[in-house]
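*Asks:* In our numbering, each residue carries its 1-based index in the sequence shown increased by 730.
C-beta: ideal position from N, C-alpha, C; glycine also.
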Amino acid sequence: MRISLAISLLLVPVFSSAKASMGDQIPVFLDTPGPAYVPQTTPQPTLADLLTIEPSASIFYSYAREIELSQLFSDKDSKITLFVPTNKAVMALARKPHEGPQLDVEIEMTEEQYEKRTKRNVERWVSAHVVPEYPLSFDSNSHKTALNRKSLTFTPVAKNDGKGPEWSRVTLEDGIKIIGKKEALNGDLYLIDGAISVAVS
């Protein structure tokens with residue numbers, strides 16, 4: 731009883747001070763200079779927006795954000811196609827994107843050399859998944875990626891009944907399947923069940 735009475739007595743000043751009369755209240759913004767704020771809206775999200783909210787693409791996007799090429803993902807004027815390996819596909823890689831291909835000999839390098847090499851490996855890997863073409867046709871022609879001398883070709887799926895979206899009826903590079911598509915303001919994002927090799931043709 732004493733405790734509840736003490737608490738009540740402590741809270742009375744708090745609540746009474748919170749009730750100020752209209753005359754005591756001061757508006758924060760009486761006159762705001764300049765035009766009224768109008769939020770920027772777009773009819774569709776950008777590729778960067780889609781990558782941010784797509785949980786199965788978080789590993790790819792964490793690598794991509796490390797390089798300048800990722801600025802295209804938020805550029806509303808760029809027109810690109812992304813082939814994004816799922817987290818499961820990236821985790822299944824024997825060597826992670828930052829590690830690059832296995833070398834025949836072990837070499838010693840400084841920390842600075844290691845960081846440069848790691849960044850170059852990530853750039854090559856992400857670039858192999860970016861096609862600077864939109865919309866993309868899934869024909870038998872090869873399509874150049876952002877990685878120099880690297881192209882992608884599509885192969886029709888065996889026992890294809892011709893139903894479903896065009897992207898679901900093809901595979902790319904060693905049987906990688908396209909498992910989903912998301913459309914953005916500045917291109918298309920295709921989720922794939924494997925990672926594209928950085929080996930050039």
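Whose C-alpha, out of S786, S881, E784 and L781, is nearest the C-alpha of V861?
*Replies:* It is S881.
*Asks:* Using only the alpha-carbon positions, how far apart do Q801 and N890 sit?
*Replies:* Cα-Cα distance, rounded: 37 Å.
*Asks:* Starting from D918 and walking both ways along the beta strand (DSSP E), at which residues does that stretch end?
*Replies:* D918 -> beta strand (DSSP E) spans G917 to I922.
*Asks:* Since I believe I789 is in contact with V820 (beta carbons under 8 Å), could you give me their beta-carbon distance rounded to a whole number of angstroms?
*Replies:* V820 to I789, Cβ: 4 Å. Contact.
*Asks:* In chain order, what are the residue ranges of uninterrupted beta strand (DSSP E) at least 3 long that sit wholly in the stretch 784-855?
*Replies:* Counting whole runs of 3 or more residues, the stretch 784-855 contains the beta strand (DSSP E) stretches 810-815.
*Asks:* With a CB to CB cut of under 8 Å and the five nearest residues on each side skipped, what residues in its chain are close to A806?
*Replies:* Checking the sequence shown, residue 806 turns out to be Lys, not Ala. Within the same chain, K806 has close Cβ partners T772, T776, L915 and N916.
*Asks:* Within the same chain, show all residues whose beta-carbon is closer than 7 Å to that of D923, passing over the 5 residues directly before and after it, in chain order.
*Replies:* Taken in chain order, the residues that qualify are T816, A819, I906, K907 and I909.
*Asks:* Mind reading off the beta-carbon distance from H828 to T848? Whole number of angstroms is fine, and I expect it under 8 Å.
*Replies:* With a Cβ gap of about 5 Å, H828 and T848 count as contacting.
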